[in-house]
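Note sheet for the following structure.
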Amino acid sequence: MSHPTTRLDPAIHQPARLGILTAAAETKRIDFVSLRDLLDLTDGNLSRHLSTLEDAGYITIAKTFDGRKPRTWVSATKAGRKALKEEIAALREIIGAVDSEPAVGAIPAPSPVPGT
Amino acid sequence: MAERHDHDLSPAAAAARLRYVGGVQQRTRRAALMPSFVLLFTGAVVVSHGVLATVWPHAAIVSIAWIAALLLVRPVLMWLRNRIAERRGLHGSPRLRLACAGAALVVMGVAIAFGANPLLSAIAAATAVAAYLGGMTAIALAAVAAGILGDVIIARGVQPSIAELFIGAGILAVGLVCLVQERGRA
Numbered sequence: 001m002s003h004p005t006t007r008l009d010p011a012i013h014q015p016a017r018l019g020i021l022t023a024a025a026e027t028k029r030i031d032f033v034s035l036r037d038l039l040d041l042t043d044g045n046l047s048r049h050l051s052t053l054e055d056a057g058y059i060t061i062a063k064t065f066d067g068r069k070p071r072t073w074v075s076a077t078k079a080g081r082k083a084l085k086e087e088i089a090a091l092r093e094i095i096g097a098v099d100s101e102p103a104v105g106a107i108p109a110p111s112p113v114p115g116t
Numbered sequence: 117m118a119e120r121h122d123h124d125l126s127p128a129a130a131a132a133r134l135r136y137v138g139g140v141q142q143r144t145r146r147a148a149l150m151p152s153f154v155l156l157f158t159g160a161v162v163v164s165h166g167v168l169a170t171v172w173p174h175a176a177i178v179s180i181a182w183i184a185a186l187l188l189v190r191p192v193l194m195w196l197r198n199r200i201a202e203r204r205g206l207h208g209s210p211r212l213r214l215a216c217a218g219a220a221l222v223v224m225g226v227a228i229a230f231g232a233n234p235l236l237s238a239i240a241a242a243t244a245v246a247a248y249l250g251g252m253t254a255i256a257l258a259a260v261a262a263g264i265l266g267d268v269i270i271a272r273g274v275q276p277s278i279a280e281l282f283i284g285a286g287i288l289a290v291g292l293v294c295l296v297q298e299r300g301r302a
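Going down the list, the sequences are from chains H and L.
Residue numbering for the first sequence is 1 to 116, as defined by the numbering used here.
Residue numbering for the second sequence is 117 to 302, as defined by the numbering used here.
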């Protein structure tokens, strides 16, 4: 069996992208400003990470207009939710692979209900 | 964009990533749940039910009138919830609401089976699950305590309608505090 680190997905392993996909997976859709504030990212940084995730097929981006104001909405795709689930499983395995002590349980681990 | 695959991730770093994911999940859920809106609506439901049961003490008719009223205002509530979500830029996952509704239904069934107040028990369960998923453990425990307290005072002989009035007023007060805090942060 391969080491869990080999199953980490480079597209979402970067913390900001992991956060974006987590937030998107927890919602039906979330807008650019909410994501930026939630994750404390800059506009440019968020845009760059959104493009990477969109290219990987993990999120979809939709543009709407609120009056004259443009809004960007982000939604997680099925593939994105699956990738997030697998990333979380791999991270849990990394902890378990090296240290199978009960300390793993002490981590306030992400809840599988109802997000990912 | 080519990036190096992080094969050297230590267990401590993996644990930190998991904590980060857990934190993002909780913050997102908290924002999606719209606590003030839910608490104000829930408080209004409990108080209305209490008032109706006090002035018109026919349990079956009260329940029918209450359910009919809820069905009638549902489209307005959906519209209002969507409007708030649109303005805030965050539409909550239906699974989050289903988890809360599922807990409410299960506890309501248990309450009916054990002779407890189904309305208070269901509301306490839904609030507790929502607060727990949003990482608000203290509020989750307070909701459970309020549900148990409501059932205990009803079991001690206090009219259910009076108990609902007091507990509904309490929920409204907490909802108002949440609303003021949210406005303050905005």
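The C-beta atom is built at its ideal place from N, Cα and C for all residues, glycine as well.
TODO: Report, in whole angstroms, the separation of the C-beta atoms of L50 of chain H and I61 of chain H, which I expect to be a contact under 8 Å.
DONE: Here residue 50 of chain H refers to the residue found at position 50 of the first sequence. Here residue 61 of chain H refers to the residue found at position 61 of the first sequence. Right, the Cβ-Cβ distance comes to about 6 Å (below 8 Å), so this counts as a contact.
Task: CB of R204 of chain L within 8 Å of CB of S2 of chain H, strictly - done: As a first step, residue 204 of chain L is located in the second sequence; it is residue number 88 there, counting from the start. As a first step, residue 2 of chain H is located in the first sequence; it is residue number 2 there, counting from the start. With respect to the 8 Å criterion, R204 of chain L and S2 of chain H are not classified as neighbours on the basis of their beta carbons.
Task: CB contact check: L53 of chain H to chain L, cutoff 8 Å - done: Looking up residue 53 of chain H in the first sequence gives position 53. Cβ-Cβ to chain L under 8 Å: no for L53 of chain H.
- [ ] Could you work out which residues of chain H lie near R145 of chain L, taking near to mean beta carbons separated by less than 7 Å?
- [x] Counted from its first residue, the second sequence places residue 145 of chain L at position 29. In chain order: E26.
TODO: Report the option in L:V245, L:G208 and L:R213 whose CA atom is closest to the CA atom of V223 of chain L.
DONE: By one-based count along the second sequence, residue 223 of chain L stands at place 107. For V223 of chain L, the closest C-alpha among the options L:V245, L:G208 and L:R213 is that of L:V245.
Task: Among H:L84, H:I30 and H:A83, the one whose alpha carbon lies nearest that of A63 of chain H - done: Locating residue 63 of chain H in the first sequence gives position 63, counting from the first residue. For the sequence presented, residue 63 of chain H should be read as Lys rather than Ala. Per the Cα distances, H:I30.
- [ ] Taking 8 Å as the cut-off, decide whether the C-beta atoms of K82 of chain H and H207 of chain L are in contact.
- [x] The residue you call residue 82 of chain H lines up with position 82 of the first sequence. The residue you call residue 207 of chain L lines up with position 91 of the second sequence. No, the Cβ-Cβ distance between K82 of chain H and H207 of chain L is not below 8 Å.
- [ ] Could you say which of L:T158, L:R133 and L:A240 lies nearest to V260 of chain L if we only look at CA atoms?
- [x] Locating residue 260 of chain L in the second sequence gives position 144, counting from the first residue. The shortest Cα separation from V260 of chain L among L:T158, L:R133 and L:A240 belongs to L:A240.
Task: Contact list for the stretch 224-256 of chain L against chain H, Cβ threshold 7 Å - done: Those residues of the stretch 224-256 of chain L that come within reach of chain H (Cβ to Cβ, closer than 7 Å) are L249.
TODO: With a 10 Å radius around its C-beta and 16 neighbouring C-beta atoms as the bar for buried, classify I180 of chain L as buried or exposed.
DONE: For the purposes of this step, residue 180 of chain L is taken as residue 64 along the second sequence, with counting starting at 1. Exposed.
Open item on the list: Suppose you measure from the CA of I59 of chain H to the CA of L53 of chain H; what does that come to, to the nearest Å?
Closed with: Within the first sequence, numbered from 1, the residue matching residue 59 of chain H stands at position 59. Within the first sequence, numbered from 1, the residue matching residue 53 of chain H stands at position 53. A direct Cα-Cα distance of roughly 6 Å separates I59 of chain H from L53 of chain H.
TODO: Determine the closest residue to A16 of chain H out of L:L265, L:A271, L:L149 and L:G139, with distance taken between C-alpha atoms.
DONE: Numbered from its first residue, the first sequence carries residue 16 of chain H at position 16. Relative to the Cα of A16 of chain H, the nearest Cα in the group L:L265, L:A271, L:L149 and L:G139 belongs to L:G139.
Task: Reduced DSSP secondary structure (H/G/I, E/B, other) of D40 of chain H - done: For the purposes of this step, residue 40 of chain H is taken as the residue at position 40 of the first sequence. If DSSP states are grouped into helix, strand and coil, D40 of chain H belongs with coil.
Task: Beta-bridge pairing of K63 of chain H - partner residues as DSSP gives them - done: Mapped onto the first sequence, residue 63 of chain H falls at position 63. The partner list for K63 of chain H (beta bridge, DSSP) reads H:T72.
Task: Within chain H, partners of A112 of chain L - CB distance below 7 Å - done: Absent from the model: residue 112 of chain L. The displayed extent of chain L is 117 to 302, so no value can be given.
Open item on the list: Excluding the 5 residues flanking G304 of chain L on each side, which residues of the same chain have their C-beta closer than 6 Å to its C-beta?
Closed with: With chain L covering only 117 through 302, there is no way to say anything about residue 304 of chain L.
Task: Neighbour list for A148 of chain L in chain H, Cβ cutoff strictly below 8 Å - done: To locate residue 148 of chain L, count along the second sequence from 1; it is residue 32. When 8 Å is used as the limit between beta carbons, A148 of chain L is near these residues of chain H: E26 and T27, in chain order.
TODO: Return helix, strand or coil for D124 of chain L, following the three-state DSSP convention.
DONE: On the second sequence, residue 124 of chain L is found 8 positions in, with the first residue counted as 1. Coil.
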